[in-house]
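Numbering (the working numbering), first residue to last: 2 to 410. Report on the structure given below.
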Ligand SMILES: [Zn+2]
């Protein structure tokens, strides 16, 4: 009886291990927090990247080519933001090309390759890290990813920031997400792998600033790092270029350097702590890996790290102008010196958000958003999803479609 129970237990354990073994739910390194953001690049990516750089914080973006409208693959401004993030050590990872995983293995592979091509074209690197849409990846999917050498990343803290409807208002959503975080942070765990979405204005402008400035985690010694780094795999974010597609890039003109890539090709170039060649202080300052390249003392020329040709943009249009005008409201400078209560601060910023949203009714064309705060989708044939995004796939047009703001054929 006893041994029967034991065998039974073992087989259950084996099953659990088999079906969940490939998922990575948590960080490994002590005192790390990996902030992760899905579903971009999108409307707020540029502003958000600039903000993270300013705060000197690393994070991980799980990005895709064609999901929320306007699509990442069509907007050069979004791609430029990806590149900037990548060059500053923010990790760019894959989230499929169209936010779905085909049950047909070869279709699945095609979509992954398409997205890796997109990310490589924008950033110069092919991602090795992957997150499944909504975290759904069955055992076939897990096996395939393992075979193709992708790291399948889940999370151990879900802020639910996507669930605006569940909270009723942006203000309440921010509060609810912060409450979740407060509870988790109180557990004083070794590390955190946190799920958020860079497509939400309040995530970019309120939830993340709260984490960085008000949660107290930094003061407790936690570092905000990429998923790769929190797993102790700092140099494993991307695939090496040795057999890479494209213009015969050898190590020496890849712009990469370090243990996996070798030295920078030109004298005067320094190898940054993230493994890129360059001559500015970002490369030559602290963290410079002098064994792979060393800067001249007084060079300040800006040098592009990767010589990959940029995609010519199809949809530049007015989006650059419009988004920068919205941007000004982003610099929500918190007066963190005075210790107000959180509720008060939240209230203040939310009022601001509402104001921004109302000006955006006219700009739904560029933001890809729709609904009560944004207006209708710009093009006929686009449906307004329950989450307030314009699109044409079943994600947008089936249950939850808001026909008042756009209706699919
Ligand atoms: Zn997603």
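Just so you know, even glycine gets a beta-carbon here, dropped at the ideal spot from N, CA and C. Fair warning: this is a prediction, and the values are worked out from it, not measured in the lab.
If we count the other Cβ atoms within 10 Å of its Cβ and call it buried at 16 or more, is residue i buried or exposed?
i           : result
residue 78  : buried
residue 292 : exposed
residue 210 : buried
residue 137 : exposed
residue 166 : exposed
residue 187 : exposed
residue 88  : buried
residue 163 : buried
residue 126 : buried
residue 267 : exposed
residue 117 : buried
residue 201 : buried
residue 214 : exposed
residue 282 : exposed
residue 411 : Examination of residue 411 is not possible in this model, given that the chain is present from 2 through 410 alone.
residue 407 : buried
residue 57  : exposed
residue 276 : buried
How would you write the range of the alpha helix (DSSP H) that residue i sits in, first residue to last?
i           : result
residue 153 : Counting along the chain, residue 153 falls outside any alpha helix (DSSP H), though it belongs to the beta strand (DSSP E) covering 152-154.
residue 473 : For residue 473 there is no data in the structure shown, the boundaries of the chain being 2 and 410.
residue 370 : Premise fails: residue 370 is in no alpha helix (DSSP H) and is neither H nor E.
residue 124 : 106-124
residue 174 : 171-187
residue 143 : 140-148
residue 396 : 395-398
residue 165 : 165-168
Between which residues of its own chain and residue i is the CB-CB distance below 7 Å, once the five residues before and five after are set aside?
i           : result
residue 82  : 42, 46, 47 and 50
residue 101 : 134
residue 123 : 80, 83 and 84
residue 204 : 162, 197 and 198
residue 294 : 258, 264, 265, 270, 271, 272 and 278
residue 54  : 89
residue 208 : 160, 162, 175, 178, 179 and 197
residue 240 : 127 and 129
residue 185 : 158 and 193
residue 86  : 50, 62 and 93
residue 115 : 66 and 98
Can you find the residues in the same chain that come closer than 6 Å, C-beta to C-beta, to residue i, ignoring five residues on each side of it along the sequence?
i           : result
residue 73  : 42, 66 and 79
residue 194 : 27, 28, 35, 156 and 157
residue 238 : 92 and 229
residue 191 : 31
residue 119 : 66 and 74
residue 222 : 32
Check whether the Cβ of residue i sits closer than 7 Å to any heavy atom of ligand 3, and report yes or no.
i           : result
residue 191 : The ligand content of the structure shown is limited to ligand 1, which means ligand 3 is not among them.
For the beta strand (DSSP E) that residue i lies in, which residues bound it at each end?
i           : result
residue 194 : 192-198
residue 91  : No beta strand (DSSP E) holds residue 91; DSSP gives it neither H nor E.
residue 234 : Careful: residue 234 lies outside any beta strand (DSSP E) and carries neither H nor E.
residue 35  : 33-39
residue 226 : 224-226
residue 64  : 61-64
Between residue i and residue j, how many whole angstroms is the CB-CB distance? I'm expecting something under 8 Å.
i           : j           : result
residue 369 : residue 71  : 5 Å
residue 384 : residue 392 : 7 Å
residue 390 : residue 69  : 5 Å
residue 168 : residue 177 : 5 Å
residue 235 : residue 153 : That pair is no contact at about 18 Å.
residue 397 : residue 386 : 4 Å
Using a Cβ-Cβ cutoff of less than 8 Å, which residues in the same chain neighbour residue i once the five nearest sequence positions on both sides are dropped?
i           : result
residue 113 : 95, 97, 98, 131, 149 and 151
residue 109 : 102, 103, 142 and 145
residue 231 : 28, 29, 30, 33, 34, 35, 192 and 194
residue 1   : It is not possible to answer for residue 1, since the shown part of the chain is limited to 2 through 410.
residue 60  : 35, 36, 37, 38, 53, 91, 92, 225 and 227
residue 378 : 70, 365, 371, 384, 385, 391, 406 and 407
residue 216 : 182, 183 and 186
For the structure I just gave you, are there three or more beta carbon pairs, one from the region 138-154 and one from the region 173-190, closer than 8 Å? Between the region 138-154 and the region 173-190, the count of C-beta pairs closer than 8 Å stays below three; the two stretches do not touch.
Counting pairs of beta carbons, one from the region 104-115 and one from the region 397-407, are three or more of them closer than 8 Å? No, the region 104-115 is not in contact with the region 397-407.
Three or more C-beta pairs below 8 Å linking the region 51-70 and the region 26-40: With a cut-off of 8 Å, the region 26-40 and the region 51-70 count as touching, because enough Cβ pairs lie within range.
Closer than 8 Å is the cut-off here; do at least three beta carbon pairs connect the region 88-99 with the region 217-235? By the C-beta criterion, the region 88-99 is judged to be in contact with the region 217-235, since at least 3 inter-stretch pairs fall below 8 Å.
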